Amino acid sequence: MTPEQKAILYDSYYQNHRIQWYLGYVWAATVAAIFTYRITVTGLRYVRTLACLENEKQHYFVNPHAGWASLRRNIIDAPLFRRRHNREFKLSAAASMGTLPGRLQIMYLIGYLAMNIAFCVVSIHWSGGNVATEIRNRTGVLSVMNMLPLFLLAGRNNPLIKLLDMSFDTYNLMHRWIGRIVVLEAVAHTAAWMASKIMAAPSSAVGWNIIGKAMASSQLILTGTIATCAFVTLLLHSPSVVRHAFYETFLHVHIVLAIVAIVTVWIHLKTLPQQILILGVIVIWVFERTARIVILIRHNVGRGGTKAEIEAMAGEAIRVTIRMARPWKFRAGQHLYLYLPSVGMWTSHPFTIAWSQEEQDLASEKLPTDALEVLARRKTTMSLIIRRRTGFTDTLWKKAENAPDGRFFTNAFVEGPYGAADSYESYGHVMLFAAGVGITHAVPHARQLVGGYANNTCATRKVVLVWILQSPEHLEWIRPWMTEILAMEKRRDCLRILLFVTRPKSTKEIHSPSASVQMFPGKPDVGALISAEQAKQVGAMAVSVCGTGGLGDDVRRAVRERCETTTIDFYEESFTW
1137 MTPEQKAILY DSYYQNHRIQ WYLGYVWAAT VAAIFTYRIT VTGLRYVRTL ACLENEKQHY
1197 FVNPHAGWAS LRRNIIDAPL FRRRHNREFK LSAAASMGTL PGRLQIMYLI GYLAMNIAFC
1257 VVSIHWSGGN VATEIRNRTG VLSVMNMLPL FLLAGRNNPL IKLLDMSFDT YNLMHRWIGR
1317 IVVLEAVAHT AAWMASKIMA APSSAVGWNI IGKAMASSQL ILTGTIATCA FVTLLLHSPS
1377 VVRHAFYETF LHVHIVLAIV AIVTVWIHLK TLPQQILILG VIVIWVFERT ARIVILIRHN
1437 VGRGGTKAEI EAMAGEAIRV TIRMARPWKF RAGQHLYLYL PSVGMWTSHP FTIAWSQEEQ
1497 DLASEKLPTD ALEVLARRKT TMSLIIRRRT GFTDTLWKKA ENAPDGRFFT NAFVEGPYGA
1557 ADSYESYGHV MLFAAGVGIT HAVPHARQLV GGYANNTCAT RKVVLVWILQ SPEHLEWIRP
1617 WMTEILAMEK RRDCLRILLF VTRPKSTKEI HSPSASVQMF PGKPDVGALI SAEQAKQVGA
1677 MAVSVCGTGG LGDDVRRAVR ERCETTTIDF YEESFTW
């Protein structure tokens, strides 16, 4: 190697090290920017809450800021194109092709992809004789560097979820796309190495022969090849249609392939400084898995363990009542992961927490002697509503349906609570849209807001709950909880419930119990409902939705069309991963 070639390779090593740090700076800047935004928004909402506690009209907060409203309409809340965002592209009931990212999300993804492409080619000595070698080194460094956020964003216990108050759904989207970038850079890394061998050989046949011998004799090359194959397999088996149709199989294969990739990359980088990055990946993965185990033990072990009552209900729904081994608090809108060993072995599935309450532990005959013992005796009861689908939920439904009285009891393990739960307490007017089991997201918010109104601890003065259900029989899913909410102090002054039954057996089923709880046949005109509330809006308005992707897109569109007239903020709870 000539002195000039040595100088080029040394400069290439320096540039790779520098670009590695540049990528880290981009992540840090992104986190700092989002954190600053969240802190600012949280502070403004806190001030708004204080200003509205003794203000019934809240006129000042009705009028929107023109620039901010335009930004929300055209960027932050906008779908990629005109309307479609969370409505899935389906091949069948079990085969989903996925959803489209939002406009802000696609802007970030395109920017991140473009930055990685630029980092792959910038400062490469294109006129030199080691172009393939330089590209090999650069793409390898970037692929390994991107593995850090790839594994961080995949975890349920990702600390950024609470720090930045962003949903796991958003992080999972980023995880999938960064994963694709990691795979593409790993493939480019391998292809560049092969190209350098072929170009250095007298003929392509000789070059391929050299490549074959290197794979057979070199641990460095063999482990690198296995890692690339593992990455490519991860990419090929991860489309939405596979994840949704064969979730349990996908999850187990995904974990095994990820472990293979980590181990082989670690060995591949044995003598290179980038190995410390893989150590970081291992630390992230071990921390996440350890956190899960600690949470499971802390909440479920001792005092008789956690028990679950599984009850089959109308409309192929399942009500799960979980009696926790230890007290547990959650915020409205959060979810948990449920393990039922007798049904799904060690697999876990996410479900929104519909209701929570504390009850006295009556299992002990000995009465509590002091306040601390009273607290210790309390047990938390968590309730879920689960719709029968395929896989785990199908097995759970069949077991409950075939059990005596349509219910059975089993040991359970619960992990959580998870989720960056949105609070609507700074809004004077709140609309909660729900479809089907999406009501599990709306009920705890309604309970919280009615309680806050009665205690004068929130700005909310009007709450409208809109539930779209197929049959009046589905009201039984939440009847005990709604009975409790309807009995709350000052409920009639602030809460109105609109029920839309899409498939009634007869018109006799459609009747309104009272002026504040009304029932209608058919689907609602979302835009008309929002406009009606907008005409008598109190302060800033929050509109949330949890249900089908189609309903979410309809509510999103209606809010975007009206958010420049009055202050309306849009919130959507969805599981598109």
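The numbering used here puts the sequence shown at residues 1137 to 1713.
Don't be surprised by glycine CBs; every beta carbon is placed ideally from N, CA and C.
Given the structure is predicted, the values throughout are model-derived calculations rather than measurements.
Top-ranked residue by Cα proximity to residue i, from the options
| i | options | result |
| --- | --- | --- |
| TRP1163 | ASN1252, LEU1180, ASN1199 | ASN1252 |
| PHE1304 | GLN1654, TYR1248, GLY1291, GLY1688 | GLY1291 |
| SER1478 | ILE1521, VAL1422, ALA1536, ILE1429 | ALA1536 |
| VAL1422 | ILE1346, PRO1200, LEU1284 | LEU1284 |
| GLU1625 | MET1335, LEU1585, HIS1647 | LEU1585 |
| LYS1333 | ALA1590, ILE1489, GLY1265, THR1526 | GLY1265 |
| ALA1668 | VAL1695, THR1306, GLY1343, GLY1588 | VAL1695 |
| PRO1660 | LYS1644, ARG1698, LEU1635 | LEU1635 |
| GLY1527 | TRP1464, SER1652, MET1481, THR1703 | MET1481 |
| LYS1443 | ILE1433, GLU1384, PHE1549 | PHE1549 |
| THR1326 | LYS1298, ALA1341, ALA1366, MET1302 | ALA1366 |
| TRP1491 | HIS1485, SER1484, TRP1464 | TRP1464 |
| ASP1541 | GLY1588, GLN1493, GLU1447 | GLU1447 |
| ARG1184 | VAL1389, ALA1595, GLY1438 | ALA1595 |
| ALA1676 | ARG1615, TRP1533, LYS1598 | LYS1598 |
| PHE1487 | LYS1406, TRP1204, TYR1554 | TYR1554 |
| ILE1633 | LEU1611, LYS1142, ARG1523, LEU1249 | LEU1611 |
| ASP1558 | GLN1654, ILE1297, ARG1459 | ILE1297 |
Residues that DSSP places opposite residue i in a beta bridge
| i | result |
| --- | --- |
| PRO1657 | VAL1637 |
| GLN1493 | THR1517 |
| SER1484 | TYR1475 |
| THR1442 | ALA1548 |
| LEU1413 | BP columns for LEU1413 are empty, so no partner. |
| TYR1554 | HIS1471 |
| LEU1286 | DSSP lists no partner for LEU1286. |
| VAL1599 | VAL1566, LEU1631 |
| ARG1523 | ALA1453 |
| PHE1706 | VAL1679 |
| VAL1604 | For the record, residue 1604 in the displayed sequence is Ile; it is not Val. ALA1571, PHE1636. |
| ALA1448 | ILE1454 |
| ARG1459 | LYS1443, THR1517 |
| PRO1215 | GLY1238 |
| ARG1274 | Its beta-bridge partners do not exist; DSSP assigns none. |
| ARG1543 | GLU1447 |
Cβ-based neighbour list, residue i, same chain, cut-off 6 Å, excluding 5 preceding and 5 following
| i | result |
| --- | --- |
| HIS1233 | The residue you asked about is not His; residue 1233 is Met in the sequence shown. The answer, listed in chain order, is PHE1225, SER1376, VAL1377. |
| SER1354 | none |
| ILE1420 | PHE1287, LEU1288 |
| HIS1153 | none |
| SER1500 | With a pLDDT of 48 at SER1500, under the threshold of 50, the predicted position of this residue should be treated as unreliable, and no value is reported. |
| ALA1507 | Because ALA1507 carries a pLDDT of 45, less than 50, the predicted location of this residue cannot be relied on, and no value is offered for it. |
| PRO1139 | none |
| LEU1511 | Low confidence applies to LEU1511: its pLDDT is 46, below 50, so where it sits in the model is not reliable, and the reading given next is rough at best. Cβ within range, chain order: n/a, list empty. |
| GLY1360 | HIS1404 |
Other residues of its chain near residue i: CB distance less than 7 Å, five sequence neighbours each side excluded
| i | result |
| --- | --- |
| LEU1309 | PRO1237, GLN1241 |
| VAL1257 | none |
| GLY1441 | ALA1461, ASN1547 |
| GLU1509 | Here the model assigns GLU1509 a pLDDT of 48, short of 50, so the residue's position is not dependable and the matter cannot be decided. |
| PHE1386 | HIS1373, VAL1378, ARG1379 |
| ARG1628 | SER1652 |
| LEU1216 | LEU1236, PRO1237, GLY1238, ARG1239, ILE1242 |
| ALA1254 | none |
| ILE1431 | GLU1551 |
| PHE1340 | Phe is not the amino acid found at residue 1340; the sequence shown has Ser there. For SER1340, where only same-chain residues beyond five positions count, the Cβ hits under 7 Å are ILE1334. |
| GLU1609 | ALA1450, GLY1451 |
| THR1364 | ALA1322, VAL1323, THR1326 |
| ARG1174 | LEU1300, ASP1301 |
| GLN1156 | VAL1277, MET1281 |
| SER1259 | GLN1151 |
Close beta carbons around residue i, own chain, < 8 Å, minus the five adjacent residues each side
| i | result |
| --- | --- |
| TYR1150 | none |
| ALA1578 | LEU1568, PHE1569, ALA1570, LEU1601, TRP1603, SER1680, CYS1682 |
| GLN1606 | GLY1451, GLY1572, VAL1637, THR1638, ARG1639 |
| LYS1641 | SER1607 |
| GLY1247 | none |
| ALA1328 | ALA1268, THR1269, ILE1271, ARG1272, THR1275 |
Assumed close pair residue i, residue j - CB separation to whole angstroms, cut-off 8 Å
| i | j | result |
| --- | --- | --- |
| VAL1401 | LEU1300 | No, VAL1401 and LEU1300 are not in contact; Cβ-Cβ is about 28 Å, not under 8 Å. |
| LEU1631 | ALA1582 | 6 Å |
| ILE1454 | ILE1347 | 55 Å between Cβ atoms; not a contact. |
CB contact below 7 Å: residue i versus chain C
| i | result |
| --- | --- |
| ASP1690 | Judged by its chain identifiers, the structure shown contains no chain C, having just a single protein chain. |
Closer than 6 Å: residue i CB and nearest the ligand MN heavy atom
| i | result |
| --- | --- |
| ARG1455 | In terms of ligand content, the structure shown is empty, and the ligand MN therefore cannot be addressed. |
**Report entry** Sequence ranges, alpha helix (DSSP H) only - wholly within the region 1334-1360, length at least 4
**Finding:** 1340-1353
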